[in-house]
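Chains as they are written, first to last, in our numbering: chain A, 1142 to 1753; chain B, 3 to 85.
Heads up, the beta-carbon is just placed ideally off N, CA and C, and yes, glycines get one too.
Notes to accompany the following structure.
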Amino acid sequence: MSRHFALAFVFVLLAIGFQVSPNFKEIAAGVAIFLFGMVSLEEGFKAFTGGTLERLLQRTTDRLWKSVAFGAVATTVMQSSTLVSIITISFLSAGMLGLAQGIGIIFGANLGTTTGAWLIAGFGLKVDIAAYALPMLTFGVILLFNKGRTLKGLGYLLTGLGFLFLGIHFIKDGFDAFSEHINLADYAVPGVAGLLLFTLIGIVITVIMQSSHASLLVIIAALGAGQITYENALALSIGANVGTTLTALVSAIGANIEGRRLAAAHLAFNVVTAALALVFIGRFVAAVETGSAWLGIDADDHTLKLALFHTLFNLTGLALMLPLTGRLVRLLETWLQPAPRTISTPKYISAAMLEMPGAALEAGRKELQHLFANTFDIMALVLHADPVQLRKGERLELLANAPERVHAIDVDDYYQRRVKPLHGQILDFLARLETKGPQARQAFALRAASQHLLEALKDLKHLQKNMARHLASPNPYLRKEYVLIRQHLALLLHELHKLSQDPESVTPLRFDVLSAAAEEHDIVANGQLDRLIREKRIGVETATSLMNDSAYAYDIASNLIAMAKVIFVPFEPVQHELEHALHLDKDEIKAVLAAPPAAEQAAHDEATHETR
Amino acid sequence: MKLARLARRLGDLLLAERRRRRARLAKLQDLLAKMKREQAALEQALSAEHDPARRAGLELEQQILHEQLRKGARLRRTLRRKD
């Protein structure tokens, strides 16, 4: 409700402004065009995420200084600290980045933002950039009509830059015309009061515009037109730095605990930096004068001096805060604790990640591993195995015998508590994700994997009833068959857990070996069922149950293997496709099983060769 | 020779499908190399293993890997032919 009031208030304020001054209209339109350009630019860069950017992020953030460099370079190139923040929060939430690395990127992004001020002051106000804007918009819009993702992304980038330039042009013109009628510099407030007042105004402007870049543009344009004093402009830029963190804080609301910790680190950095700049403003101004003389900036070129001031105080903040990163991480981990969670609370997925489908899909994959871990415990209990021991591979030899005590667990109850809520949240998350091309295929594969897991659990529930009965059967032949089913499934679970812990060991061979084991245990295909019936070891009715239960076991194994192929290794479309092509199908596996062992085959070949 | 290489590189740059095929071929080569290493490791494990049951398991793995490598080689041939 309050948000609607605020919106209405802003609308009324703008309408009055438009009535009073046509120049204000031009400035406001310039800001709107500039902001729209930023949105378009972000959209363009998003077209290139889901691949290159993510790979770069993962490869270049193993050390803190690399993370800082990545943040600075990425923000300089994309001219959007917001997009860098969103990507970082998404990666952090997906567990693809550590908090220290994330903090490094955000610190670097703060430094990268300062390049915006240099661009606006050094290029935007001194060159007729509207001349570049119009061809950019024309080419950009033509590219937007393309169906290809890359060309469309390029179209967004060009239109984004075009609108940015056009926005700058309008704001500059607006302030120039404004100064012919009114001189806002007459309302300048000197001294400490002015410093604090204009810092506050800087915060408010940035919160309203949701972009420190846009605020800096307005500040620099106003300073260039002589509408504000240099001292007040310095304070406004300090305020813009603090204001931008409030935007990040709002976007972190939907994030998980890691995202919130990162937003807190961002706030800490910018507040400390701003406090530093306010307290030592005199020294910073002196440093700017020295730096300007050194860089050859004219004494009256206040816009470039402002850019230098902005860079200097952010650089100082970085130098001060970077050595404290480790301590900051520990502090944040102590202060910001995750909310109490149940076993079915998601660990990786969060609403904040929906904007970055690449990272979101990776988080979805990890969440499915979490779901598998929850299901593993239930399956182990159904198979009369201790989940902890089964994971560690302890006392596996006991699986060769029937358990001492046989009991059935309430699978439905476990399912309702440990599986269903988490599965529902994963499905909801995947459904809300906007994906195209390979990412849409991955989302589909993840949904199918979750379905495989649930099918396996459902089949195990059906199997449980007869297994609990026949594992204690007085008929040794029947008991042995159920012991074999239990052993096969328990060992399969153990192997799958091992593979999930070590993605490097996941190869097409491992899954086909597991599929071959499932084929070997199919008692209808291997003739064991016929033998038992023929030799009258089991009754006809029991044979029907055994046949059904063997089919359940086969389906459970197939479903679990199909699920594992998707969720145990990070998805890479080409790799996935190739591995899929190399996997042996059911008939090929049967042919391998029917073939004589390699040693026998070699001996046979040698004998044939000698005979010839 | 240099002109042919230049033309091929230009083709790679301009034709997205060819670029994708090249990338697929390179990935397949890596995958097959990894599988070859796995095969060598299996052979080593087999020569050191004396337990009949474990030997049978390793032999089965060897056979499966052999089949997969054959499929991989066939796929590589197809991709090269298209190139």
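(request) Starting from the beta carbon of PRO1649 (chain A), find every residue of chain B whose beta carbon is closer than 7 Å, and list them in chain order. (result) GLN70
(request) Would you mind sorting THR1752 (chain A) into buried or exposed? The rule is 16 or more other CB atoms within 10 Å of its CB. (result) Because the pLDDT of THR1752 (chain A) is 41, which lies under 50, any placement of that residue in the model is unreliable, and the number read from its coordinates should be weighed accordingly. With fewer than 16 other Cβ atoms within 10 Å, it is exposed.
(request) Measure from the alpha carbon of PRO1276 (chain A) to the alpha carbon of each residue in A:LEU1495, A:LEU1298 and A:LEU1453, then state which is nearest. (result) Shortest Cα-Cα distance from PRO1276 (chain A) to any of A:LEU1495, A:LEU1298 and A:LEU1453 involves A:LEU1298.
(request) Measuring alpha carbon to alpha carbon, tell me which of B:LEU17, B:ARG23, B:ARG7 and B:LYS4 ends up nearest ARG82 (chain B). (result) B:ARG23
(message) Against chain B, with Cβ distances strictly below 7 Å, would LEU1719 (chain A) count as a contact?
(response) yes
(message) At a CB distance below 7 Å, what residues from the region 1722-1738 of chain A approach chain B? Give them in sequence order.
(response) ALA1722, LEU1723, LEU1725, GLU1729, VAL1733, ALA1736 and PRO1738
(message) Which residue wins for smallest C-alpha separation from GLY1289 (chain A), given the options A:PHE1339, A:GLY1185 and A:GLN1220?
(response) A:GLY1185
(request) Give a yes or no on whether 7 Å exceeds the smallest Cβ distance from ASP1653 (chain A) to chain B. (result) yes
(message) I'd like the list of long-range same chain contacts for THR1255 (chain A), defined as Cβ closer than 6 Å, with 5 residues on each side in sequence excluded.
(response) HIS1451, THR1452 and ASN1455
(request) Leaving aside the five residues before and after ARG1620 (chain A) along the sequence, list all residues of the same chain whose C-beta is less than 6 Å from its C-beta, in chain order. (result) ALA1543 and SER1614
(request) Could you name the residues of the same chain whose beta carbon sits closer than 7 Å to that of LEU12 (chain B), not counting the 5 residues immediately before and after it, in chain order? (result) none
(request) Check each residue of the region 1577-1593 of chain A: if its Cβ is closer than 9 Å to any Cβ of chain B, include it; give the result in chain order. (result) none
(request) With DSSP collapsed to three states, give me the class of HIS1397 (chain A). (result) The amino acid occupying residue 1397 (chain A) in the given sequence is Asn; His does not appear at that position. Annotated three-state conformation of ASN1397 (chain A) is coil, per DSSP.
(request) Please name the residue, chosen from A:ALA1428, A:PHE1339, A:ILE1422 and A:ARG1424, that lies closest to GLY1384 (chain A) on a Cα-to-Cα basis. (result) A:PHE1339
(message) Is it buried or exposed, VAL1172 (chain A), if we count other Cβ atoms within 10 angstroms and call 16 or more buried?
(response) buried
(request) Measure how close the beta-carbons of ALA1250 (chain A) and THR1466 (chain A) come, nearest whole angstrom, since I'm counting them as under 8 Å. (result) Incorrect: roughly 14 Å between the Cβ atoms, too far for contact.
(request) Can you give me the Cβ contacts of ILE1361 (chain A) inside the same chain, cut-off strictly under 8 Å, excluding the 5 residues immediately before and after it? (result) ALA1258, ILE1261, ALA1262, GLY1265, LEU1266, ALA1374, THR1444, LEU1447 and ALA1448
(message) Please confirm whether LEU27 (chain B) has its beta-carbon closer than 7 Å to some beta-carbon of chain A.
(response) no
(request) List the residues of chain A that LYS36 (chain B) touches, going by C-beta distances under 8 Å, in chain order. (result) THR1648
(message) For MET1219 (chain A) and LEU1198 (chain A), I'd like the C-alpha separation in whole angstroms.
(response) 14 Å
(request) In the DSSP assignment, find the alpha helix (DSSP H) that holds GLY1668 (chain A) and state where it starts and stops. (result) Counting along the chain, GLY1668 (chain A) falls outside any alpha helix (DSSP H), and DSSP gives it neither H nor E.
(request) Enumerate in chain order the residues of its own chain whose CB-to-CB distance from LEU1495 (chain A) is below 7 Å, with the five nearest sequence positions on each side excluded. (result) ALA1501, ARG1573 and LEU1574
(message) Distance check for SER1699 (chain A) and LYS1727 (chain A), CA to CA, integer angstroms please.
(response) 10 Å
(message) Using beta carbons (cut-off 7 Å, strictly below), is VAL1715 (chain A) in contact with chain B?
(response) Closer than 7 Å to some Cβ of chain B, the Cβ of VAL1715 (chain A) qualifies, so yes.
(message) Against chain A, with Cβ distances strictly below 7 Å, would LYS84 (chain B) count as a contact?
(response) no
(request) Quick one: residues in its chain with C-beta nearer than 7 Å to the C-beta of HIS1548 (chain A), no 5 flanking neighbours on either side, listed in chain order? (result) ALA1609
(request) Report back the beta-carbon spacing between ILE1349 (chain A) and PHE1175 (chain A) to the nearest angstrom; my notes put them in contact at under 8 Å. (result) Going by Cβ atoms, the distance from ILE1349 (chain A) to PHE1175 (chain A) rounds to 14 Å, so no, they are not a contact pair.
(message) For LEU1655 (chain A), report the span of its alpha helix (DSSP H) as first-last.
(response) 1649-1661
(message) Assuming the contact rule is C-beta atoms closer than 8 Å, PHE1311 (chain A) and ALA1363 (chain A) should be a hit. Round their C-beta distance to whole Å, please.
(response) Actually they are not in contact, since the Cβ atoms of PHE1311 (chain A) and ALA1363 (chain A) sit about 13 Å apart, beyond 8 Å.
(message) Helix, strand or coil for ARG1810 (chain A)? Go by DSSP, reduced to three states.
(response) Absent from the structure is residue 1810 (chain A), since the part of chain A shown begins at 1142 and ends at 1753.
(message) Against ALA1657 (chain A), what residues of chain B qualify as contacts under a CB-to-CB distance less than 7 Å, listed in chain order?
(response) By Cβ distance, chain B contributes LEU62 and ILE66.
(message) Please list, in chain order, the chain A residues whose beta carbon lies closer than 9 Å to that of GLU40 (chain B).
(response) THR1648 and LEU1650
(message) Quick check on the DSSP output: the alpha helix (DSSP H) that includes LEU1524 (chain A) runs from which residue to which?
(response) Counting along the chain, LEU1524 (chain A) falls outside any alpha helix (DSSP H), and DSSP gives it neither H nor E.
(message) Can you tell me where the alpha helix (DSSP H) holding LEU17 (chain B) begins and where it ends?
(response) LEU17 (chain B) -> no alpha helix (DSSP H), and no H or E assigned at all.
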